[in-house]
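Protein chains in written order, with numbering that gives the first Met the number 0: chain C, 0 to 309; chain W, 0 to 415.
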Amino acid sequence: MRMLQIEHLTKSFEKTKAVDDISFEVKVGEILGFLGPNGAGKTTTISMIAGLLKPDSGKILIDSLDLDRDLRKVKRLMGVVPQDMAFYEELTAKENLLFWGKLQGVRKKDLDERVEYYLKKTGLLGRENEALKKYSGGMKRRINLIIGLIHQPKLLLLDEPTIGIDIQTKLNIYEIIKEASANGTTILYTTHNLQEAEELCDRIAIMDLGKILALGTFNELIQIVGEKDIVIITGKFSIDQARSIISGFEQAALLSLEEGKIVLSLEASKNISILLEEFFKKEITIDDVSIKQPNLESVFLKLTGKELRE
Amino acid sequence: MKNLFHLVRKDFVRKWENPVVILGFLLIPFVFTLIFGFVFGAEGEDTLPRVKILTVDKDKSFISELVLRALTQGDLNELIEMEQVEEEEGYRLLDRGNASALLIVPKNFGQSVWDGEQTELLLVKNPSEQFLPQIAEEVLDTLTLILSSLRHIFTDELNTIREFDELDKFPDEAISTLSIKVKNRIEAVSKYVFPPIISLKQKTLSEEKGEGSDLSIYSYILPAIAMMFLLFICNTVFEDILREKETGTLTRIRISPASMTEYIWSKIVTSALIGIICTAALIILGNIFFSISWGNPGDVALLVLCLNILIAGFIAFLYAFIRTERQAGALLTTVILLMSMLGGSMIPVENFPPVIVNFSKLTLNYWGITAFKILMRGESLAAIFPILICMVLAGIVFSVIGSFFLNNNLKKGIAQ
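As structure tokens, this is what we get:
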């Protein structure tokens, strides 16, 4: 069953196409990771789904409701956790949670129960009557997340909810997100942390230049770079030198290239020595060679790397 | 409506948790009033400070002493404080602003008076003072006129006194003869002077009389300064819009079921309510500490309500043109200070030329202060009813226009 359905969504700012005819669906309870470099169009897409921006064309359906026509109803289904600490620092944790809950129309009895539940879950029970300005960064992040969840939304938009926090808080936040997903909340998770996306998301969408370049499960995305290893070579070579070596080496696929650093997709066990020989033949000094298993990073590099884009 | 209530409540709790700014704005009018009261005297015109006149007597004659003593006789003693100094010292003190005027009696002044020749007293006025030197001039003008008249009427008698003075002898017999002569002269003159066939009856227009006589200086200052700071207090509520935009809470509210219209009206309502509480606090403080009689409590309450509807609406209207905190700082401060200057919060409107008063009438301060003064003079609600109606109507119109444009600006602003 689909919770979020995006059809041919387009949005331009003056001459720049921020979102260029994208379509995708997210199922109930699914966590969809949204990856992409800065300026890829993620925030514009999220803003349109949140009802903050009007698309130029296309359709957004949330729980089969058209966002354009049923904005007020849809708002009740949606929760948002922005990257900013969007709450009132001079109010206590409890006052904040009660305010946001009431604004979302949660009944008092349910609200009191949920406030207590989430405060307990995040380890903040006992400090609920302290003003948030006295909280640490990690504690504030937890409150920021709870505010988005307090009304138990059907669709939760998360924008980098774990930025700049310690591992303990991060794990606590992962746990709450997974629990919400298990309870049927559909989550759209924007992040720059590829490892986080790998760990949390059921499916991942990679976006750049306003388009979705790839969308699938982790294993499906890995197929894009194949079974090959990721080889990173650093040394004293120019872009042209490296390009001329690689162009004659059919077994390797270039993922990214910059002065003194090249990232390749290659079956390392068979071909690495041959490749390095090519470098040595041209009397190029190699400083370091590292070989990694294919991961989301390599997929991301392959899809959005500068060399490939140009 | 529920959302409006939650939003207003939230803003109230926030202000309650962090009241420093509002308390500051609330205390300033109170402290200003206290200081002005100390400086100018609490009772207003009744306790005008004494006019300090420095005197230099270069003549040191019987007549010069008579003139100088006349300045501190009877009622004049309450008005004038006199101090004899040397000429150089007198100029120095006047330069320092230690006196309102310097009166110099020239050499041979007495001789000239005896001889019936024309002579002059020199009055040097302190240029840094406006009213007090004027009073000194008026008093001396009158005194010199009286002395000149007496010189003409009692020429013979004065000549007799002069002879005694020159001989430095005042025989009893001669004094009694002189007294009878003076008495006869007065009786002869009285036929022409008393009873006067024309008398001057004084009448002042009731409004002017009320303003001048009934109100203490505190009653002028507190409402005037309070008006200015009420504008700043209401501004603190609207400033939050820009801060909420920056911190992301506004985006969160926008995504919630609460509408932007509810959000903006919550600011207008909060602003008006906080304004009402602050005005009430100032009224109570004014009554307790400065014994200001504000008028009928019910009428005053109605005025406070209408006034704050107007102020909240006006500030909302201004925010329709503001997008950043920087713009808010520049525009709001300029508008509030300009309105306060023109509207009588800094200088009483009565001191403005009529052309400027026309502009004063375009300010909120003018109408607020005027309405308060009317009630302070004990007039009924009917006297300010048209003002109240205009305040409410203008407040609603400002709020609606402000809400409309602010709504559009915020939608655009958040999207950007």
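Backbone N, C-alpha and C fix where the C-beta goes; we use that ideal spot for every residue, glycine too. Keep in mind the model is a prediction, meaning the values are calculated, not measured.
Which class does residue i belong to by DSSP, given the choice of helix, strand or coil?
i                : result
Thr71 (chain W)  : coil
Phe37 (chain W)  : helix
Arg1 (chain C)   : strand
Leu156 (chain C) : strand
Ile273 (chain C) : helix
Lys72 (chain C)  : helix
Ile321 (chain W) : coil
Glu207 (chain W) : With a pLDDT of only 44 at Glu207 (chain W), under 50, the local geometry of the prediction cannot be trusted, and the value read off the model is given with reservation. It is helical.
Leu43 (chain C)  : Sequence check: residue 43 (chain C) is Thr here, not Leu. In the structure shown, Thr43 (chain C) sits in a helix (DSSP, three-state: H, G or I).
Ile400 (chain W) : helix
Gln415 (chain W) : Any reading at Gln415 (chain W) is ruled out, since the residue's pLDDT is 44, under 50, leaving its predicted position unreliable.
Ser127 (chain W) : coil
Asp167 (chain W) : coil
Ser258 (chain W) : coil
Asp114 (chain W) : helix
Leu307 (chain C) : With a pLDDT of 30 at Leu307 (chain C), under the threshold of 50, the modelled position of this residue cannot be trusted; read the value that follows with caution. Reduced to three states, the DSSP call for Leu307 (chain C) is helix.
Lys10 (chain C)  : strand
Leu405 (chain W) : helix
Phe328 (chain C) : Nothing can be reported for residue 328 (chain C), as the shown portion of chain C is limited to 0 through 309.
Leu337 (chain W) : helix
Gln292 (chain C) : coil
Leu64 (chain C)  : strand
Leu256 (chain C) : strand
Asp45 (chain W)  : Confidence at Asp45 (chain W) is low in this model, with a pLDDT of 49, below 50, so its placement is unreliable and no value can be given for it.
Gly247 (chain C) : coil
Ala16 (chain C)  : It is worth fixing the name first, because residue 16 (chain C) is Lys in this sequence and not Ala. Strand, per DSSP.
Glu80 (chain W)  : strand
Along chain C, which residues have their Cβ under 7 Å away from the Cβ of residue i?
i                : result
Gly420 (chain W) : As displayed, chain W neither begins before 0 nor continues past 415, which places residue 420 (chain W) out of reach and without an answer.
Asn17 (chain W)  : Glu89
Look at residue i and residue j and say whether their C-beta atoms are less than 8 Å apart.
i                : j                : result
Gly115 (chain W) : Ser63 (chain W)  : no
Gly274 (chain W) : Cys305 (chain W) : no
Gly312 (chain W) : Gly401 (chain W) : yes
Ile45 (chain C)  : Leu199 (chain C) : no
Met77 (chain C)  : Ala49 (chain C)  : yes
Arg202 (chain C) : Gly215 (chain C) : yes
Ala280 (chain W) : Leu25 (chain W)  : yes
Ser297 (chain C) : Ile229 (chain C) : yes
Leu177 (chain W) : Thr159 (chain W) : yes
Val50 (chain W)  : Leu131 (chain W) : yes
Leu341 (chain W) : Phe316 (chain W) : no
Gly343 (chain W) : Tyr365 (chain W) : yes
Thr161 (chain C) : Glu129 (chain C) : no
Leu67 (chain W)  : Thr54 (chain W)  : yes
Leu34 (chain C)  : Val25 (chain C)  : no
Ala135 (chain W) : Ala173 (chain W) : no
In chain W, which residues lie less than 8 Å from residue i when you measure between Cβ atoms?
i                : result
Leu96 (chain C)  : None at all; the shortest Cβ gap to chain W is about 12 Å.
Arg75 (chain C)  : Pro256
Ala130 (chain C) : Glu16
Determine the chain C residues that contact residue i at a beta-carbon separation under 8 Å, and present them in chain order.
i               : result
Val12 (chain W) : Leu90 and Glu94
How would you list, in chain order, the residues of chain W whose beta-carbon sits under 7 Å from the beta-carbon of residue i?
i                : result
Lys101 (chain C) : His5
Met2 (chain C)   : Residues of chain W passing the Cβ test: none, with the nearest at roughly 17 Å.
Arg71 (chain C)  : Pro256
Please compile the residues from chain C whose C-beta is within a distance smaller than 9 Å of the C-beta of residue i.
i                : result
Asn2 (chain W)   : Lys101, Leu102 and Gly104
Lys266 (chain W) : Near Lys266 (chain W) there are no residues of chain C at all, since even the closest Cβ is about 14 Å away, more than 9 Å.
Worksheet entry | 4-residue-minimum alpha helix (DSSP H) runs that sit fully inside the segment 83-112 of chain W, ordered along the chain | 86-94
Worksheet item: How do the segment 217-226 of chain C and the segment 55-75 of chain C stand: do at least 3 beta-carbon pairs fall below 8 Å, yes or no?
Response: no
Item to complete: Give, in chain order, every unbroken run of the beta strand (DSSP E) that is at least 3 residues long and sits entirely within the segment 157-189 of chain C.
Response: With a minimum length of 3 residues, the continuous beta strand (DSSP E) runs that stay inside the segment 157-189 of chain C are 185-189.
Worksheet item: Do the segment 240-255 of chain W and the segment 79-98 of chain C meet, that is, are 3 or more Cβ pairs less than 8 Å apart?
Response: yes
Worksheet item: Between the segment 253-261 of chain W and the segment 72-81 of chain W, do at least 3 Cβ pairs fall closer than 8 Å?
Response: Using a Cβ-Cβ distance cut-off of 8 Å, the segment 253-261 of chain W and the segment 72-81 of chain W are not in contact, since fewer than three pairs of beta carbons, one from each stretch, lie closer than that value.
Item to complete: Could you tell me whether the segment 253-260 of chain C touches the segment 233-242 of chain C, using the rule of 3 or more Cβ pairs below 8 Å?
Response: yes
Worksheet item: For the segment 141-158 of chain C against the segment 93-105 of chain C, are there 3 or more C-beta pairs whose distance is under 8 Å?
Response: With a cut-off of 8 Å, the segment 93-105 of chain C and the segment 141-158 of chain C count as touching, because enough Cβ pairs lie within range.
Worksheet entry | contact_flag[the segment 359-376 of chain W, the segment 213-228 of chain W] where n(CB pairs < 8 Å) is 3 or more | Touching, yes.
Discussion item. Tell me whether the segment 236-246 of chain W and the segment 386-394 of chain W touch, counting them as touching only if at least three CB pairs, one residue from each stretch, are closer than 8 Å.
Written reply: Under the 8 Å Cβ criterion, the segment 236-246 of chain W does not count as touching the segment 386-394 of chain W, having fewer than three qualifying pairs.
Worksheet item: What alpha helix (DSSP H) runs, 4 residues minimum, are completely inside the segment 192-240 of chain C?
Response: As far as the segment 192-240 of chain C is concerned, its whole alpha helix (DSSP H) runs of at least 4 residues are 193-199 and 217-224.
Discussion item. Which complete alpha helix (DSSP H) runs does the segment 122-157 of chain C hold, if anything under 4 residues is left out?
Written reply: 136-148
Worksheet item: Are there three or more Cβ pairs, one per stretch, closer than 8 Å when the segment 164-175 of chain C is compared with the segment 5-17 of chain C?
Response: No: the two stretches stay apart, fewer than three of their Cβ pairs being nearer than 8 Å.
Practice prompt. Pair every Cβ in the segment 313-325 of chain W with every Cβ in the segment 287-294 of chain W, then say whether three or more of these pairs are closer than 8 Å.
Written response: The answer is no - the segment 287-294 of chain W does not touch the segment 313-325 of chain W, with fewer than three Cβ pairs under 8 Å.
Discussion item. Pairs of beta-carbons, one from the segment 223-232 of chain W and one from the segment 17-37 of chain W, closer than 8 Å: are there three or more?
Written reply: yes
Worksheet item: For the segment 51-58 of chain C against the segment 116-129 of chain C, are there 3 or more C-beta pairs whose distance is under 8 Å?
Response: They do not touch, by the three-pair rule.
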